[in-house]
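Counting from 2, one number per residue, gives the positions in the sequence shown under the numbering used here.
C-beta: ideal position from N, C-alpha, C; glycine also.
The model shown is predicted, which means the values in this text are computed figures rather than measured ones.
Only one structure is covered here, and it is reproduced in the block below.
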Amino acid sequence: REITANSSEFDNGYIFVAHSQGGPISRAVVEEMDDHKVKRYISMAGLQNGQFIGPDKVEVSIANDGPFLASLVPETMFNYSAYGPEDYYGKMQKDYFGSFSTANFFLPVYNNVNRCLPGDDQCIYDQHRRKANFLKLEEAHFFASPADERIMPWQSSIFGRYSEVDTIEEIETKYMNLTIVNMNDTLEYTSDTFGLKTLDERGGLFIHEIA
């Protein structure tokens, strides 16, 4: 904010580019910054719908991700090194979502699917404010590739995700039945929770799948 406020170069707007974990973080900035002047927003391989190791490329994750995840996430938050290859088929994911991650409200808030309690006018106001800020964008470009073997599912970079289950236990028991839900079929799009559908309908949403 200080950079854009203190330079006349940004008076007429600017392009905001983000990559990887910067994808959801930068979108949160757009939604929270009431005075932003972002004209075009570009997210490259940004995990916009989070990370979940599902059945699609689980073998790749077993081979490549164990040491990476263990180094990325502190052991006090989640001990990835305690899990062997056989645990990647639902057990690890079940334990993960039953631990600290249940208190992680980042994506629900910035996807505007967080529940507002009756009478919580501030929560409702903030939802409308975040959506209005996102819709200040003239264009938003989201890039993803099926060749991406780090973000899982790779469709997360273009707002896809895995199908839902009814209980945490079913993450393990129904793991192999999980399927990809594409952006147009997600709650965030169909209910236009933070403006994706509106931006799409006015011609400002661009989804790029790179082979």
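- If the five residues before and after valine 39 are omitted, its C-beta is found closer than 8 Å to the C-beta atoms of Gly14, Tyr15, Ile16, Phe17, Val31, Lys137 and Leu138, all from its own chain and listed in chain order.
- Residue pairing from DSSP leaves tyrosine 111 without any beta-bridge partner.
- The beta carbon of threonine 5 lies closer than 6 Å to those of Phe11 in the same chain, with the five residues before and after it left out.
- The beta carbons of phenylalanine 144 and serine 158 sit about 7 Å from each other, so the pair counts as a contact at 8 Å.
- Within the model, the alpha-carbon separation for glutamate 140 versus isoleucine 43 is close to 8 Å.
- Restricting attention to beta strand (DSSP E) runs no shorter than 3 residues, the segment 100–183 encloses them at 140–145, ordered along the chain.
- For alanine 29, the enclosing alpha helix (DSSP H) stretches over residues 23–33.
- Leaving aside the five residues that flank tyrosine 89 on each side, the residues in its chain whose CB is nearer than 7 Å to its CB run, in chain order, Ile54, Val59, Ser62 and Ile63.
- The beta carbon of methionine 93 sits closer than 7 Å to those of Tyr84, all from its chain and outside the five residues before and after it, given in chain order.
- Per DSSP, glutamate 87 is not a residue of any beta strand (DSSP E), being assigned neither H nor E.
- A Cβ-Cβ distance of about 6 Å is found for the pair threonine 187 and phenylalanine 160, placing them in contact under the 8 Å criterion.
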